[in-house]
(Lines of atoms letter the chains of each structure in order from A and count residues from 1; the text may use other names and numbers.)
(Lines give C-alpha, C1' and ligand atoms only; values in the text may rest on other atoms or scores of the structure.)
Protein backbone atom coordinates (compact mmCIF):
# COMPACT_ATOMS: atom_id res chain seq x y z
CA UNK A 1 0.00 0.00 0.00
CA UNK A 2 2.80 2.45 0.89
CA UNK A 3 4.55 1.88 -2.47
CA UNK A 4 1.29 2.59 -4.31
CA UNK A 5 0.80 5.82 -2.33
CA UNK A 6 4.36 6.95 -3.06
CA UNK A 7 3.98 6.30 -6.80
CA UNK A 8 0.65 8.17 -6.81
CA UNK A 9 2.22 11.08 -4.88
CA UNK A 10 5.17 11.27 -7.29
CA UNK A 11 2.78 11.20 -10.25
CA UNK A 12 0.73 14.02 -8.73
CA UNK A 13 3.88 16.06 -8.07
CA UNK A 14 5.08 15.61 -11.67
CA UNK A 15 1.63 16.52 -12.96
CA UNK A 16 1.58 19.60 -10.72
CA UNK A 17 5.02 20.71 -11.97
CA UNK A 18 3.90 20.22 -15.57
CA UNK A 19 0.78 22.31 -14.92
CA UNK A 20 2.91 25.09 -13.40
CA UNK A 21 5.21 25.13 -16.43
CA UNK A 22 2.19 25.31 -18.73
CA UNK A 23 0.77 28.27 -16.81
CA UNK A 24 4.11 30.11 -16.78
CA UNK A 25 4.63 29.66 -20.53
CA UNK A 26 1.11 30.66 -21.49
CA UNK A 27 0.70 33.87 -23.46
CA UNK A 28 -1.66 36.59 -22.29
CA UNK A 29 -4.91 36.65 -24.21
CA UNK A 30 -6.14 40.23 -24.67
CA UNK A 31 -9.86 40.58 -25.34
CA UNK A 32 -12.57 43.21 -25.08
CA UNK A 33 -14.54 43.06 -21.86
CA UNK A 34 -16.73 45.13 -19.55
CA UNK A 35 -16.02 46.00 -15.91
CA UNK A 36 -19.17 46.33 -13.81
CA UNK A 37 -18.70 47.26 -10.16
CA UNK A 38 -21.16 48.28 -7.46
CA UNK A 39 -21.44 52.03 -6.77
CA UNK A 40 -19.48 53.07 -9.86
CA UNK A 41 -20.03 53.57 -13.57
CA UNK A 42 -19.42 50.51 -15.76
CA UNK A 43 -16.46 50.56 -18.16
CA UNK A 44 -17.27 49.16 -21.61
CA UNK A 45 -15.04 47.71 -24.37
CA UNK A 46 -11.90 47.66 -22.26
CA UNK A 47 -8.81 45.64 -23.25
CA UNK A 48 -8.58 42.97 -20.55
CA UNK A 49 -6.81 39.72 -19.76
CA UNK A 50 -8.38 36.84 -17.81
CA UNK A 51 -6.43 35.06 -15.06
CA UNK A 52 -7.20 31.73 -13.46
CA UNK A 53 -5.68 30.91 -10.08
CA UNK A 54 -5.61 27.33 -8.82
CA UNK A 55 -5.23 26.92 -5.07
CA UNK A 56 -3.82 23.87 -3.39
CA UNK A 57 -2.00 22.44 -0.45
CA UNK A 58 1.41 20.78 -0.60
CA UNK A 59 3.03 19.33 2.52
CA UNK A 60 6.45 17.79 2.29
CA UNK A 61 10.10 17.73 3.29
CA UNK A 62 12.35 20.10 1.31
CA UNK A 63 15.50 18.23 2.33
CA UNK A 64 14.44 14.82 1.05
CA UNK A 65 11.92 15.95 -1.57
CA UNK A 66 9.29 13.65 -0.07
CA UNK A 67 5.71 14.82 -0.56
CA UNK A 68 3.37 13.86 2.29
CA UNK A 69 0.18 15.46 1.03
CA UNK A 70 -0.94 17.21 -2.18
CA UNK A 71 -4.41 18.45 -3.02
CA UNK A 72 -6.04 21.04 -5.27
CA UNK A 73 -8.54 22.88 -3.10
CA UNK A 74 -10.13 25.58 -5.22
CA UNK A 75 -9.87 28.24 -7.87
CA UNK A 76 -10.46 31.94 -8.49
CA UNK A 77 -10.94 33.70 -11.79
CA UNK A 78 -10.39 37.41 -12.29
CA UNK A 79 -10.06 39.76 -15.23
CA UNK A 80 -7.63 42.65 -15.15
CA UNK A 81 -6.94 45.63 -17.38
CA UNK A 82 -4.44 44.64 -20.08
CA UNK A 83 -2.13 47.61 -19.50
CA UNK A 84 -1.79 46.91 -15.74
CA UNK A 85 1.04 44.59 -14.68
CA UNK A 86 0.17 43.87 -11.04
CA UNK A 87 -3.29 44.98 -10.07
CA UNK A 88 -5.60 43.45 -7.55
CA UNK A 89 -9.34 43.61 -7.12
CA UNK A 90 -9.03 45.82 -4.04
CA UNK A 91 -6.97 48.38 -6.03
CA UNK A 92 -9.61 48.58 -8.74
CA UNK A 93 -7.42 47.26 -11.56
CA UNK A 94 -9.26 43.94 -11.82
CA UNK A 95 -12.60 42.33 -11.09
CA UNK A 96 -13.70 38.85 -10.04
CA UNK A 97 -14.97 36.90 -13.00
CA UNK A 98 -16.63 33.62 -13.87
CA UNK A 99 -16.25 31.59 -17.05
CA UNK A 100 -19.02 31.51 -19.59
CA UNK A 101 -18.51 28.38 -21.67
CA UNK A 102 -19.95 28.39 -25.17
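Residue numbers (this note's numbering): 76 to 177.
Here a beta-carbon is modelled for each residue, glycine too, at the ideal position from N, C-alpha and C.
As the structure is a prediction and not an experimental result, all values here were calculated from the model.
Secondary structure of residue 132 (DSSP, three-state): strand. Under DSSP, residue 125 shares a beta bridge with 154. Between the segment 149 to 168 and the segment 116 to 134 there are three or more inter-stretch CB-CB distances shorter than 8 Å, so the stretches are counted as touching. For residue 171, the pairing in a beta bridge is given by DSSP as 153.
Using a Cβ distance threshold of 9 Å, residue 105 and residue 157 count as a contacting pair.
With a 10 Å radius around the Cβ and a threshold of 16 neighbouring Cβ atoms, residue 139 comes out exposed. The beta carbons of residue 116 and residue 154 sit no closer together than 9 Å.
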